[in-house]
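Numbering (the numbering used here), first residue to last: 1 to 310. Heads up, the beta-carbon is just placed ideally off N, CA and C, and yes, glycines get one too. Reading through the C-alpha cells given below for one structure.
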Amino acid sequence: MIAAEQFNFFAELVRDSSGIALKPGKEYLIESRLNELSRVIGLRSIDDLYRKAKFSMTPKLKDQIIEAMTTNETYFFRDLHPFQALEKEIIPKLGTSGKKIRFWSAACSTGQEPYSIAIILAEKFPHLAAGKAEILATDISQQAIQKGMSGRFTQVEVNRGLPVTLLVKYFKQQGAFWIINEKLRRLVRFKKMNLLNPFVGMGTFDVIFCRYVLIYFDQGTKKQILEKLVSVLNPGGYLFLGATESAIGLPSSMKRKSFGRTTCWQKDSGKLTRSIKDEHGRRNSKGLSGRGQRESGAVRPGLRRVGAGS
Ligand SMILES: C[S@@+](CC[C@H](N)C(=O)[O-])C[C@H]1O[C@@H](n2cnc3c(N)ncnc32)[C@H](O)[C@@H]1O
Numbered sequence: 001m002i003a004a005e006q007f008n009f010f011a012e013l014v015r016d017s018s019g020i021a022l023k024p025g026k027e028y029l030i031e032s033r034l035n036e037l038s039r040v041i042g043l044r045s046i047d048d049l050y051r052k053a054k055f056s057m058t059p060k061l062k063d064q065i066i067e068a069m070t071t072n073e074t075y076f077f078r079d080l081h082p083f084q085a086l087e088k089e090i091i092p093k094l095g096t097s098g099k100k101i102r103f104w105s106a107a108c109s110t111g112q113e114p115y116s117i118a119i120i121l122a123e124k125f126p127h128l129a130a131g132k133a134e135i136l137a138t139d140i141s142q143q144a145i146q147k148g149m150s151g152r153f154t155q156v157e158v159n160r161g162l163p164v165t166l167l168v169k170y171f172k173q174q175g176a177f178w179i180i181n182e183k184l185r186r187l188v189r190f191k192k193m194n195l196l197n198p199f200v201g202m203g204t205f206d207v208i209f210c211r212y213v214l215i216y217f218d219q220g221t222k223k224q225i226l227e228k229l230v231s232v233l234n235p236g237g238y239l240f241l242g243a244t245e246s247a248i249g250l251p252s253s254m255k256r257k258s259f260g261r262t263t264c265w266q267k268d269s270g271k272l273t274r275s276i277k278d279e280h281g282r283r284n285s286k287g288l289s290g291r292g293q294r295e296s297g298a299v300r301p302g303l304r305r306v307g308a309g310s
C-alpha cells in the first residue's frame, strides 16, 4: 500500500494541475497507475517516481503523472439520447440562423464524442457539414488528443456505440484499425487544453458537451468551470453534462431543458418570455415558439447503437 506521504504528494499535485480530486480511498488507483508509469519511464517503482517528482520534477514528468491519472473512458454516441436531441431538435433549430454552428467537446478524450457529432452533421445535415459547422475538441491528455487527431480506432472501439452502417460509410479498414474519413476529420479541430485554465481566444459556442469530467472535480472547481463554460456559450446555446452529473453550481442564466429522454441546459436567450412549472414542480422554460417539454424519445434507426455500451 502506498505511503500516506506519497499519496498526499501525488493527490495534491494532480488536484492542483488538473482539478482531479483523489480522496483517501483512491490509494489503489494512484498506486496502480503510477507503478505502471514508473515501469514505462524506466524507474523501478513508485518510490523512485516519488523521489524524482519531489526533488527533480520536470514539466514533462508532471504531464506524464497527470496523464496517467486521467480516466479516458468514452465511446461513440455515448448515452445516445443527447445525440438524438442534437439531430432532431437542436441542430435543425440552430441551422435556421444561417450562421456557422460551433460545437465544443470539452474533455473529448480520444475523440469518439466529437466524431459522433461530426457523423450526425455529415449524415443528416450535409449542407452544414460543408463549411457551416465546426467542432472544437479539447482534453488535458496529449495522448488522448493525438489519438483523436489520428482518427484511428480499434475494432473494439468501433464496436462500442457505432452502428455498423455508419462504420462502413465513414471509416476505412486498414489492417487492425478503422480510420475515419477525411471529411469528418476536417470537421473536428483537436487541441490540448486544461479546463482549469482561462477560456481565452476560443470564441463562443452554440453547443457544449462537457460530459463525465466534472465528476472528478470538487464542488468549488466544478462551479468555476461551469461558470466559465456558460461564459463562452452563446445566448440560447446548450450545455450537455453527463447523464449522472448534477448541475449544482450552474449559473441561474441556465435553464433546464428536456428533449425526449435527455436533459440539457439552455442559456437564457433574452427572448424567453415566461416560465411554466411542470406537474413535478420543476421550472421549465417555454420559449416564443410555444414548445414546452417534448416527450418523444423515439430512437432513430440511423442512430441505434450496436455492440457494447450502455
Ligand atoms: C471519462 S472521459 C469523458 C470523455 C467524453 N466526454 C465522454 O463523455 O465520453 C474524461 C476526460 O476528461 C479529461 N480531463 C480530466 N481533467 C481534465 C481537465 N482539467 N481539463 C481537460 N480535460 C480533463 C480526461 O483526460 C478524460 O479524457
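8 Å contact criterion, which residue i and residue j should meet: CB distance rounded
| i | j | result |
| --- | --- | --- |
| ALA118 | LEU187 | 4 Å |
| PHE9 | LYS62 | No, PHE9 and LYS62 are not in contact; Cβ-Cβ is about 12 Å, not under 8 Å. |
| GLY95 | PHE125 | 6 Å |
| PHE199 | LYS228 | 5 Å |
Residue i - containing beta strand (DSSP E), residue span
| i | result |
| --- | --- |
| PHE171 | 171-174 |
| PHE10 | Element bounds for PHE10: not the beta strand (DSSP E) but the alpha helix (DSSP H), 4-18. |
| TYR321 | Residue 321 cannot be examined here, being either before or after the span of the chain that is shown, 1 to 310. |
| GLU134 | 133-139 |
| SER258 | 254-259 |
| SER105 | 101-106 |
| ILE41 | Counting along the chain, ILE41 falls outside any beta strand (DSSP E), and DSSP gives it neither H nor E. |
| LYS23 | First-last for LYS23: undefined, no H or E at that position. |
Distance between residue j and residue i (C-alpha atoms, nearest Å)
| i | j | result |
| --- | --- | --- |
| HIS127 | ALA133 | 9 Å |
| GLY287 | TYR238 | With a pLDDT of 32 at GLY287, under the threshold of 50, the modelled position of this residue cannot be trusted; read the value that follows with caution. Cα to Cα, the separation comes out at about 14 Å. |
| ASP139 | MET1 | 31 Å |
| ASP218 | PHE7 | 18 Å |
| ILE20 | ALA68 | 12 Å |
| PHE83 | VAL207 | 12 Å |
| THR263 | TRP178 | 32 Å |
| THR64 | LEU43 | Checking the displayed sequence, the identity of residue 64 turns out to be Gln instead of Thr. Those two C-alpha atoms are separated by around 13 Å. |
| ILE225 | GLY242 | 15 Å |
| GLY201 | ALA130 | 24 Å |
Unbroken alpha helix (DSSP H) run spanning residue i, endpoints
| i | result |
| --- | --- |
| PRO126 | 126-129 |
| ASP48 | 46-55 |
| ILE340 | Examination of residue 340 is not possible in this model, given that the chain is present from 1 through 310 alone. |
| ILE91 | 91-95 |
| ILE145 | 142-150 |
Residue i burial status per 10 Å Cβ neighbour count (16 or more: buried)
| i | result |
| --- | --- |
| ASN234 | buried |
| LEU29 | exposed |
| PRO114 | buried |
| LYS100 | exposed |
| MET57 | exposed |
| ILE180 | buried |
| GLU12 | exposed |
| GLU5 | exposed |
| ASP16 | exposed |
| ASP48 | exposed |
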